[in-house]
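Written below as structure tokens is the structure these notes are about.
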Amino acid sequence: MKYELIEWVTKTNDSALLQILKSIKDSNIASSDWLEKLTPAEQESLNRGINDQAQGKVLTSREFWADYEDNV
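Note that full-length UniProt numbering numbers the sequence shown so that position 42 is 42, with each residue one more than the last.
Pasting the structure below:
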């Protein structure tokens, strides 16, 4: 599949398509770096949130705001 894509890309003259593909490539590179740029505390906080979600310890937005309004 990789070689099919390479062949297809090298044969195209569609500059708009090539720009879209470049944007995808650039965003993919950037998205892999953002986690490494977080501080250890930020990474820990993110992992706690992921674990909370996996354990079902989450609220919907509606539940959050209803509780917030009750306590204000």
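Note that CB positions come from ideal geometry on N, CA and C, so glycine has one too.
query, result
"Would you report the Cα separation of Leu17 and Leu5, rounded to the nearest angstrom?", "13 Å"
"For Thr12, report the span of its alpha helix (DSSP H) as first-last.", "Counting along the chain, Thr12 falls outside any alpha helix (DSSP H), and DSSP gives it neither H nor E."
"Start and end of the alpha helix (DSSP H) containing Leu35?", "Counting along the chain, Leu35 falls outside any alpha helix (DSSP H), and DSSP gives it neither H nor E."
"Check Gly56 in the structure and name its three-state DSSP category.", "coil"
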